[in-house]
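Residue numbers (the numbering used here): 8 to 190.
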Ligand code: SF4
Ligand code: SF4
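Right, dumping it as structure tokens:
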């Protein structure tokens with residue numbers, strides 16, 4: 008439509024009357040195209056009157072995320088072993104792991120939802136969850152810390168492993184001493 012009007016304007020302003028470029032057939036073809044477009048538009052407008060709206064009245068109704076939407080990264084922190092594989096795989100440096108404090112942090116403003124960290128995690132404790140984060144006024148880093156219960160479990164397991172290793176070392180030393188005494 009705009010192209011047609013533009014050509015008409017040039018035609019009126021520039022083209023001398025004795026040298027008409029847009030002959031009758033040209034005009035008819037353009038008019039035909041415009042008529043078709045109007046017809047298509049009118050048909051679609053009429054159809055839309057009987058179709059449900061394509062928009063959602065959020066937040067009154069539940070939001071429907073489109074298929075293939077990546078969402079955001081979530082962590083099952085108690086399963087994390089602080090290996091740092093996710094941190095090394097993140098292309099936007101959005102992640103940080105603090106092994107000493109048993110925390111895992113993500114800057115959601117830097118995250119591009121590529122999912123690399125999810126693929127790399129050896130413990131499968133990361134996943135992409137559909138849905139977006141609540142908007143915030145300031146940039147912030149979300150930090151997740153292991154539960155006290157999990158920390159206690161890990162400390163007990165560590166102590167048990169250390170005790171077992173000490174017992175094995177003791178048995179080896181005793182066996183070596185016995186062998187030496189028998190020589
Ligand atoms: S989804 Fe991609 S950008 Fe976001 S934290 Fe994981 S690796 Fe980094
Ligand atoms: S890759 Fe998985 S287990 Fe390793 S630090 Fe990241 S979240 Fe934790």
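Beta carbons are placed, not taken as given, at the ideal position from N, Cα and C, and that holds for glycine.
In this text, all values refer to a predicted model and were calculated from it rather than measured experimentally.
Check: residue i C-beta below 7 Å from any heavy atom of ligand 2
i           : result
residue 128 : yes
residue 121 : no
residue 92  : yes
residue 89  : yes
residue 132 : yes
residue 148 : no
residue 137 : no
Neighbour-count burial assignment, residue i, 16 or more Cβ in a 10 Å radius
i           : result
residue 101 : buried
residue 158 : exposed
residue 33  : exposed
residue 125 : buried
residue 153 : buried
residue 6   : No answer is possible for residue 6: it lies beyond the span of the chain, which begins at 8 and ends at 190.
Check whether residue i and residue j have beta carbons under 8 Å apart
i           : j           : result
residue 134 : residue 181 : no
Per DSSP, cross-strand counterpart(s) of residue i
i           : result
residue 135 : 80
residue 114 : 148
Residue i beta carbon near ligand 1 (any heavy atom closer than 7 Å)
i           : result
residue 154 : no
Residue i Cβ short of 7 Å to ligand 4 heavy atom set
i          : result
residue 80 : What this structure holds is ligand 1 and ligand 2, not ligand 4.
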